Amino acid sequence: MGRSTSDNGTPMSDTTLAARGAAPAARLPRHHRASCPAGLQGRLKRALDVLGAATLLLLILPILLPIALAIRADGGPILFRHARIGLGGRSFGCLKFRSMVTDADARLARLLAEDPAAAAEWALRRKLPRDPRITRIGAFLRSTSLDELPQLLNVLRGEMSLVGPRPVVQQELDQHYSQAAADAYCAMRPGITGLWQVSGRSDTTYAERVALDTRYAREWSILLDLRILLRTIPAVLQRRGAV
1 MGRSTSDNGT PMSDTTLAAR GAAPAARLPR HHRASCPAGL QGRLKRALDV LGAATLLLLI
61 LPILLPIALA IRADGGPILF RHARIGLGGR SFGCLKFRSM VTDADARLAR LLAEDPAAAA
121 EWALRRKLPR DPRITRIGAF LRSTSLDELP QLLNVLRGEM SLVGPRPVVQ QELDQHYSQA
181 AADAYCAMRP GITGLWQVSG RSDTTYAERV ALDTRYAREW SILLDLRILL RTIPAVLQRR
241 GAV
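The sequence shown lines up with residues 1 to 243 when you count with UniProt numbering.
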C-alpha cells in the first residue's frame, strides 16, 4: 500500500500518523460523493468481502501473535492507523502492522535533503528501494505483504474491500488525480489488493498506479475481482515489486 504525506506536503511516516489516528471524516466536493457498487453484483461483492475477510482472519490467527511479538520487541506500537480516503470521499483509519522506526519522518527528510537520487526516486514513485525508515521485521512484513493483514478488519467494518483501488491520502487525490480519476476512485471502497498490486506493485510509477486503479473502478466486476485475487497469490509469493 502507499505511504502518507503530511498536510503541508512533507512526507509523513506511519508512526506519525499512528499518533494522530484517523482524521475526521474528510468531505470532497459533491461530485465526489458516489455510492458503492449497487445491484446484485454490489451485494455479491460485499458478501465476498465479509466471507473472505472472516475466513482469512481465522486462518491467520496462529501467525498474528508471533508478528505482534516481533514488532513489540523492536519498540513502539504494534499497529498504526493512517488516514486514507474511502468510499464517497470519507476518511477512515486504515490499519497496518507497524514497519517503520519511530523517527521515520526525520530520517526521510535527512535522506531526501542529502541524496538527490533518492529525492528523484521519491518524487517519481513515492517509494524508496532502500528506505532507511523501515525496520528489519518491517522489511520482511512489507516484502510478504503481511503488514497489511490488519486491513481485514477494515474490510469487515465496511471501510475497505478485498479488491479495489489502492487507498490514498487526501493530498494524493488532490495533486495526482484528474477529476474523472478522483470520481472513479471515490465510487469504490479501497482494496487490500487491486490491479496495480498484481501489475508490478512498487515497480510501477505513481501515474501508472493511478491509471490502473481508475481502470479497475470503471471496469469492475465480480469476475475481475476473482481474477485479481487469484493473481495476488503468486504476486505475493514471488515478492514481485515488493518493498
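Glycine included, C-beta positions come from ideal geometry on N, C-alpha and C.
As the structure is a prediction and not an experimental result, all values here were calculated from the model.
Residue i versus residue j: straight-line alpha-carbon distance, rounded
i	j	result
alanine 83	alanine 106	20 Å
leucine 112	alanine 119	5 Å
alanine 117	arginine 110	13 Å
arginine 215	cysteine 186	13 Å
alanine 53	glutamate 114	43 Å
glutamate 121	glycine 42	38 Å
arginine 46	threonine 232	19 Å
leucine 128	threonine 55	34 Å
glutamate 208	alanine 181	12 Å
arginine 126	leucine 195	18 Å
serine 61	valine 169	Looking at the sequence shown, residue 61 is not serine but leucine. Rounded to the nearest angstrom, the two C-alpha atoms are 29 Å apart.
leucine 44	leucine 108	42 Å
alanine 104	isoleucine 63	26 Å
leucine 37	alanine 217	In the sequence on display, residue 37 carries proline and not leucine. Using only the alpha carbons, I get a separation of about 10 Å.
glutamine 171	leucine 226	31 Å
glutamine 179	glycine 89	13 Å
aspartate 174	leucine 224	28 Å
serine 6	arginine 72	Interpretation of serine 6 is limited by its pLDDT of 39, a score under 50 that renders its predicted location unreliable; the figure taken from the coordinates is listed afterwards. For serine 6 and arginine 72, the distance between alpha carbons rounds to 26 Å.
Check whether residue i and residue j have beta carbons under 9 Å apart
i	j	result
leucine 162	isoleucine 134	no
arginine 136	aspartate 74	yes
aspartate 213	proline 150	no
histidine 176	valine 210	yes
proline 66	arginine 98	no
glycine 138	methionine 100	yes
aspartate 147	leucine 141	yes
leucine 58	leucine 156	no
leucine 87	proline 190	yes
Cβ-based burial, residue i [other Cβ within 10 Å; buried from 16]
i	result
aspartate 131	buried
threonine 10	Residue placement at threonine 10 is flagged as unreliable, the pLDDT there being 38, under the threshold of 50; a coordinate-derived value is accordingly withheld.
aspartate 219	Note that residue 219 is glutamate in the sequence shown here, rather than aspartate. Result: exposed.
isoleucine 228	buried
proline 234	exposed
serine 91	buried
proline 167	buried
arginine 81	buried
leucine 230	exposed
glycine 21	Interpretation of glycine 21 is limited by its pLDDT of 43, a score under 50 that renders its predicted location unreliable; no figure is taken from the coordinates.
Anticipated Cβ contact below 8 Å, residue i with residue j, distance rounded
i	j	result
leucine 79	leucine 95	6 Å
threonine 205	leucine 124	6 Å
threonine 102	valine 236	The Cβ separation is near 27 Å, so there is no contact.
Minimum C-alpha distance to residue i - residue among the options
i	options	result
alanine 184	Ile85, Val155, Leu223 and Gly52	Ile85
leucine 40	Leu237, Ile233 and Ile222	Ile222
glutamate 159	Leu59, Ala47, Ile60 and Gly93	Gly93
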